[in-house]
Amino acid sequence: MSKISTLNAEHYQWGNACDGWHLLKQDELSIIHEKMPPQTAEVRHYHVFSRQFFFILNGEIVIEKDGEECVLSAHQGIEIPAGTPHQVRNESDFPAEFLVTSQPPAHGDRVVVKKVKSISHVTL
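Add 13 to a position in the sequence shown, counting from 1, and you land on the number used in the numbering used here.
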């Protein structure tokens with residue numbers, strides 16, 4: 014048995030100076046500890062196969078999920094079903110840390126999408 018933490022886990026960087034640590038990296042399940050500096054965001058995307066659960070450890074993030082925004086603080090979480098466009102942003106002035114559980118793992122299963130505002134009235 015061995016302990017895992019950000020001190021000994023596989024580390025990677027993503028987005029605008031954001032950090033991730035693979036706490037559990039298996040074929041069917043992934044748990045990643047992520048840290049986002051203030052005023053950073055990931056690109057809007059969805060996963061074809063992977064469903065995810067974000068759980069906030071400290072700080073505050075905004076998750077846009079299929080056009081709706083949700084502000085999450087410490088000890089709050091949200092599930093993102095497979096196929097659901099989403100984006101995580103840290104709009105605060107403080108770092109945010111959270112766990113991302115993905116089943117199956119989301120690496121290699123990401124489709125980038127752009128948010129398109131709906132058109133309520135068109136005149137021809």
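All C-beta atoms, glycine included, are put in the ideal place defined by N, C-alpha and C.
Determine, using beta carbons only, whether residue i and residue j come nearer to each other than 9 Å.
i: His46; j: Leu85; result: no
i: Leu207; j: Gln116; result: What is shown of the chain runs 14 to 137, which leaves residue 207 out entirely.
i: Val124; j: His58; result: yes
Taking only three categories from DSSP, how would you classify residue i?
i: Ile74; result: strand
i: Lys38; result: strand
i: Ala95; result: coil
i: Glu104; result: coil
i: Gln52; result: coil
i: Thr114; result: strand
i: His58; result: strand
i: Val135; result: In this prediction, Val135 scores a pLDDT of 48, lower than 50, which makes its location untrustworthy; the coordinate-derived value is nonetheless stated afterwards. Coil at Val135, not helix or strand.
Among the options, which one has its Cα closest to the Cα of residue i?
i: Glu104; options: Asn21, Gln89 and Ala54; result: Ala54
i: Phe68; options: Ser115, Lys38, His58 and Phe111; result: Phe111
i: Ile93; options: Phe107, Ala109, Lys38 and Val61; result: Val61
i: Ala87; options: Gly96, Ser18, Ala109 and Thr114; result: Ala109
i: Lys78; options: His99, Lys16 and Ser15; result: His99
i: Arg102; options: Lys38, Met49, Ala22 and Asp122; result: Met49
i: Gln52; options: Gln89, Arg64, Asp106 and Val126; result: Asp106
Would you mind sorting residue i into buried or exposed? The rule is 16 or more other CB atoms within 10 Å of its CB.
i: Ser63; result: buried
i: Gln65; result: buried
i: Gly33; result: buried
Exercise. Does the pairing of the segment 14-29 with the segment 71-85 give three or more beta-carbon distances under 8 Å?
Worked result: Too few Cβ pairs lie closer than 8 Å, so no.
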